[in-house]
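Here the structure is laid out as C-alpha cells; the discussion comes afterwards.
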Amino acid sequence: MIAKFGSSWLGVWLLLFGVVLSSCRSSDAAKTEAKPAAGSTSAPTATADAIKIGLLAPFSGSFASLGAQIEGGVKAYLETHGGAVDGRKVELLVRDTTGIAPDVAKRLAQGLIVRDQVDFIAGFALTPNAMAVAPLATEAKKPMVIMNAATSSITTKSPYVVRVSLTLPQVTAPLATWALKNGIRNVYSLVSDYAPGADAEAQFRKTFEAAGGKLVAADKVPVNNPDFAPFIQRIKDAKPEAVFVFVPAGTQGIAFMKAARERGLSEAGIRIIATGDLTEDQQIDAMGEAALGVVTTHHYSAAHASPENEAFKAAFGKVAGAQLRPNFMAVGGYDGMAAIAAVVQKLGPGKIDGDKAMEAFKGLELASPRGPIRIDPETRDVIQTVYVRKVEKRGDSYYNVEFEEYPAQKDPGK
Ligand code: PHB
0 MIAKFGSSWL GVWLLLFGVV LSSCRSSDAA KTEAKPAAGS TSAPTATADA
50 IKIGLLAPFS GSFASLGAQI EGGVKAYLET HGGAVDGRKV ELLVRDTTGI
100 APDVAKRLAQ GLIVRDQVDF IAGFALTPNA MAVAPLATEA KKPMVIMNAA
150 TSSITTKSPY VVRVSLTLPQ VTAPLATWAL KNGIRNVYSL VSDYAPGADA
200 EAQFRKTFEA AGGKLVAADK VPVNNPDFAP FIQRIKDAKP EAVFVFVPAG
250 TQGIAFMKAA RERGLSEAGI RIIATGDLTE DQQIDAMGEA ALGVVTTHHY
300 SAAHASPENE AFKAAFGKVA GAQLRPNFMA VGGYDGMAAI AAVVQKLGPG
350 KIDGDKAMEA FKGLELASPR GPIRIDPETR DVIQTVYVRK VEKRGDSYYN
400 VEFEEYPAQK DPGK
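Be aware that the sequence shown starts at 0, since it is given in numbering that gives the first Met the number 0, and climbs by one per residue.
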C-alpha cells in the first residue's frame, strides 16, 4: 500500500520576510505521519503563536497544475502582506493529494489535524477530495477553506466549510441566460462525468429551458483522459447551434479544443460556450487560435482590469515565476489566504477556536483580484460577479476578455 503511493519527500524551508513557511509534500499518508513535516515543529523562528495552515491539493499527476496555482496564490498573498497574519508567523504545511483520490486526501487531512495540529485546513481543488475531508472538519471543529472545489453541495457537508472560489451553478446560470439573449436556442451539453459536471449540466438545463431554450442532448465524458473525438462527432451529427462544455481546469481543455478543431466543429456552424474552466488562463495560450471567439462565463480572468488584479499578478510572478500566468485557482488561493488572515485578525491573539472562526468568516467582504466578494452568512459560499468573456488575441497571447457582467451572484444550486 505504501509502495503504491511512492515515497518522494521534499522538505523546504523558506524564510520570507522573517516568516517561516514550512512546505512539505508527500503523496503518502503513512509516511507523512511517520515523519513530521520538516521544521513544522522545530524551526528556530517558529513560535507558539504561529498560524498553521494545512494546504491539500494535487501537485502530481494530471491535475498537478491546480495545486501549483493554488499554492502560488497563497504565497502571493503572504508575499504582499509581509508573510505575517496579524503579526503572527504562518506555517504552510503542503500535502499532495495526487489527483482525484478521496482516501489519500482523507489520510493527509487526518495527519494535518491530529499530528500537526493545524489551525485551518485549506486548498481543495477537486470536489471528491473536499467531500471526503468535510466530515473530518466537523469532527475536529476545524475550519476548512475551499479554494476551488466547485460542486454546490460541498458547503452543506460540514458547518466548518467555507468557500471563497465559485460554484458550477453560479457561473453556469449566467451563461444560459446570455446564450438565449444572444439567439442560441438549441444546445448540446458535454460535461465531465463527476459531481461538478452534473451540477453544470443541471443548472444549464434549468436556466436555459426555463427561459425557452432546448437542451437537445446531454453527454458525459470520463473525468480522466477522455478521448473527445467520438463526442465531437456525436455533437456534429446532432447539429445544435452551440455546445455547452464543462471540463475541469488543467489539460482537458486543450484536448477538447484540439478534437473540436480536427473534427471541424466551428466549420459545421456549431459554437462553443463554456464555463471558464475550459479556457483557463494557464492553458489558453496552448489552445491558440482554436479558442478564438469562444464565449465563457467565470469569476476571474487574468485580463480583469483593476489595481487589485495588477498587484496580485505582480506578487504571483514573484513567487511562481513570471512565465506562469495565474488562473482562477491562484485567485482562490490568494483570497482563501486573505480570508484566513481577516479571520485571525478578528479573533485576536490566542489559539484559533473553530466555532468562532466560522462565525468570523460569515459576511466577510474582500476586495479580490476578481472584483468584490462576500461570504454568504447563511450558506458560507461566495457571492460575486460572474463575467461573460470572449477569447481574444492581445499581442502574442490569448485572453478571456470580459464584456458583460452579472453582479452579486449567489450560488443558485441550493
Ligand atoms: C472540482 O473538482 O470541483 C473542480 C475541478 C476543476 C475545475 C472546477 C471544479 O476547473
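We put the beta carbon where it would ideally sit given N, CA and C, even for glycine.
So, at 7 Å on beta carbons, what are the nonlocal neighbours of residue i in its own chain, with the 5 sequence-adjacent residues on each side left out?
i      : result
Arg162 : Ile145, Ile153, Thr154, Arg379, Asp380 and Val381
Ile231 : Ala258, Ala259, Arg262 and Leu264
Ala285 : Ile253
Gly249 : Ser61, Phe62, Ser64 and Leu65
Gly196 : Val190, Lys219 and Phe245
Ala104 : Leu55, Thr96, Asn128, Ala131 and Val132
Leaving out five residues on either side along the sequence, give the residues of the same chain with a beta carbon under 6 Å from the beta carbon of residue i.
i      : result
Ala216 : Tyr187 and Ala237
Gly370 : Thr384
Val170 : Thr274, Thr296, His297 and Val385
Lys34  : Its pLDDT being 29, under 50, Lys34 is placed unreliably in this model, and the coordinates cannot settle the point.
Asp280 : Ala301, Arg324 and Asn326
Trp177 : Val387
Glu401 : Ser300, Tyr386 and Arg388
Lys74  : Val318
Met328 : Leu65, Gln68, Ile69 and Asn147
Glu404 : Thr384 and Tyr386
Thr166 : Ala149, Ser151, Asp410 and Gly412
Arg270 : Ala241
Asp85  : Val343 and Gln344
Would you mind sorting residue i into buried or exposed? The rule is 16 or more other CB atoms within 10 Å of its CB.
i      : result
Ala356 : buried
Arg204 : buried
Asp102 : exposed
Gln344 : exposed
Val113 : exposed
Glu266 : exposed
Gly211 : exposed
Lys180 : exposed
Pro110 : Correcting the residue type first, residue 110 is Gly in the shown sequence and not Pro. Buried.
Gly335 : buried
Glu90  : buried
Rounding to the nearest angstrom, what Cα-Cα distance links residue i and residue j in this structure?
i      : j      : result
Glu240 : Leu323 : 35 Å
Ser59  : Leu65  : 9 Å
Val330 : Glu307 : 11 Å
Ile253 : Ala194 : 21 Å
Thr431 : Arg106 : Here the chain comprises residues numbered 0 to 413, so residue 431 is not present and cannot be evaluated.
Ile1   : Asp95  : Note that Ile1 has pLDDT 32, beneath the 50 cutoff, so the model's placement of it is unreliable and the number below is only indicative. Each residue's Cα considered, the two are about 15 Å apart.
Leu189 : Ala83  : 44 Å
Ala337 : Lys140 : 21 Å
Asp354 : Val160 : 11 Å
Glu208 : Pro229 : 26 Å
Gly122 : Gln408 : 23 Å
Gly268 : Glu309 : 37 Å
Arg393 : Ala366 : 26 Å
Ile283 : Met256 : 10 Å
Asp198 : Ala341 : 31 Å
Asp276 : Asn399 : 11 Å
Lys235 : Ile272 : 15 Å
Glu377 : Thr206 : 23 Å
Glu200 : Leu77  : 37 Å
Gly446 : Glu364 : Nothing about residue 446 can be reported from this structure: the residues present for the chain run from 0 to 413 only.
Ser396 : Gln202 : 32 Å
Thr278 : Glu288 : 12 Å
Phe227 : Arg233 : 10 Å
Determine, using beta carbons only, whether residue i and residue j come nearer to each other than 8 Å.
i      : j      : result
Ala290 : Pro325 : no
Ser191 : Pro127 : no
Gly362 : Ile374 : yes
Asp115 : Arg87  : no
Leu135 : Leu92  : no
Met143 : Ala133 : yes
Ser164 : Asn185 : no
Asp118 : Lys213 : no
Pro406 : Pro168 : no
Val390 : Val293 : yes
Gly349 : Gly71  : no
Pro221 : Gln251 : no
Pro173 : Leu125 : no
Thr79  : Ala314 : yes
Ile99  : Ala108 : no
Taking DSSP's pairing of strands, which residues face residue i in a bridge?
i      : result
Gly122 : Leu55 and Ile145
Gln109 : Paired residues: none, contrary to the question.
Glu404 : Tyr386
Phe243 : Ser188 and Ile272
His298 : Answer by DSSP bridge pairing: none, since His298 is not bridged.
Leu91  : Ile52
Gly370 : Ser367
Is there a Cβ from chain B that is less than 8 Å from the Cβ of residue i?
i      : result
Ile183 : Of the chains in the structure shown, none is chain B; there is only one protein chain.
Leaving aside the five residues before and after residue i along the sequence, list all residues of the same chain whose C-beta is less than 8 Å from its C-beta, in chain order.
i      : result
Leu346 : Asp352, Lys355, Ala356 and Ala359
Ser305 : Pro368 and Gly370
Leu157 : It is worth fixing the name first, because residue 157 is Ser in this sequence and not Leu. Cβ neighbours of Ser157 beyond the five flanking positions: Ala133, Pro134, Ala136, Thr137 and Met143.
His303 : Pro368, Arg369, Gly370, Tyr386 and Glu401
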